[in-house]
Amino acid sequence: MVKRRKAPTKSAAEETNEEDPSLWSRGQRKRRVRKEALIRKKQFAAEQVRAKHMKDAEAKDKRNVLANLQALRGSLKLDLQEDESKAHKPRKIHKLAAKPKTRAALHKQNLREVLQYKSVLSFEPFQQNPLAAIQQHLRNTQGAAP
1 MVKRRKAPTK
11 SAAEETNEED
21 PSLWSRGQRK
31 RRVRKEALIR
41 KKQFAAEQVR
51 AKHMKDAEAK
61 DKRNVLANLQ
71 ALRGSLKLDL
81 QEDESKAHKP
91 RKIHKLAAKP
101 KTRAALHKQN
111 LREVLQYKSV
121 LSFEPFQQNP
131 LAAIQQHLRN
141 TQGAAP
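Its first residue numbered 1, the sequence shown is counted upward by one per residue in full-length UniProt numbering.
As structure tokens, this is what we get:
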């Protein structure tokens with residue numbers, strides 16, 4: 001069995017020496033300056049990385065028009081849930097087409113979706129009242145509920 005020594009405790013004079021920069025030795029001051037410079041350098045590098053990630057995310061959002069439809073998708077899901085909660089028998093909802101496997105097919109599908117999105121945005125009733133236009137579209141495509 002190995003006996004451990006107690007960790008040396010600092011005296012009151014040593015504790016005040018750490019807190020008061022005027023009592024630091026020249027070496028302590030140099031080490032403190034280098035340590036603070038290193039901390040500033042790491043903080044600056046972290047800030048630059050964070051800024052680059054933010055810039056990349058903004059650029060990605062600008063490129064991907066379909067990413068802005070997430071809020072609309074959520075509201076449509078809520079409308080569908082409300083319809084399902086009613087006493088009528090829900091109509092069959094067509095499944096979306098499977099994701100294309102190739103990059104070219106994915107690109108082609110994205111182009112079609114963007115064109116569809118732009119045509120919806122340019123539709124005059126949608127420009128005047130988007131929510132009413134979406135509700136009318138849902139009524140037309142899903143039929144009247146009993």
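For glycine and all other residues, C-beta sits at the position ideal for the given N, C-alpha and C.
Query, Result
"Residue span of the alpha helix (DSSP H) that contains residue 152, given as start and end", "Given that the chain is displayed from residue 1 to residue 146, the structure contains no residue 152 and the question cannot be resolved."
"As assigned by DSSP and simplified to three states, the class of residue 143", "coil"
"Rounded straight-line distance, which links the Cα of residue 140 to that of residue 146", "Residue confidence for residue 146 is low, a pLDDT of 44 falling below 50, so the modelled location carries little weight and cannot support an answer."
"Endpoints, alpha helix (DSSP H) assigned at residue 50", "26-63"
"N-terminal and C-terminal residue of the alpha helix (DSSP H) that residue 111 is part of", "103-122"
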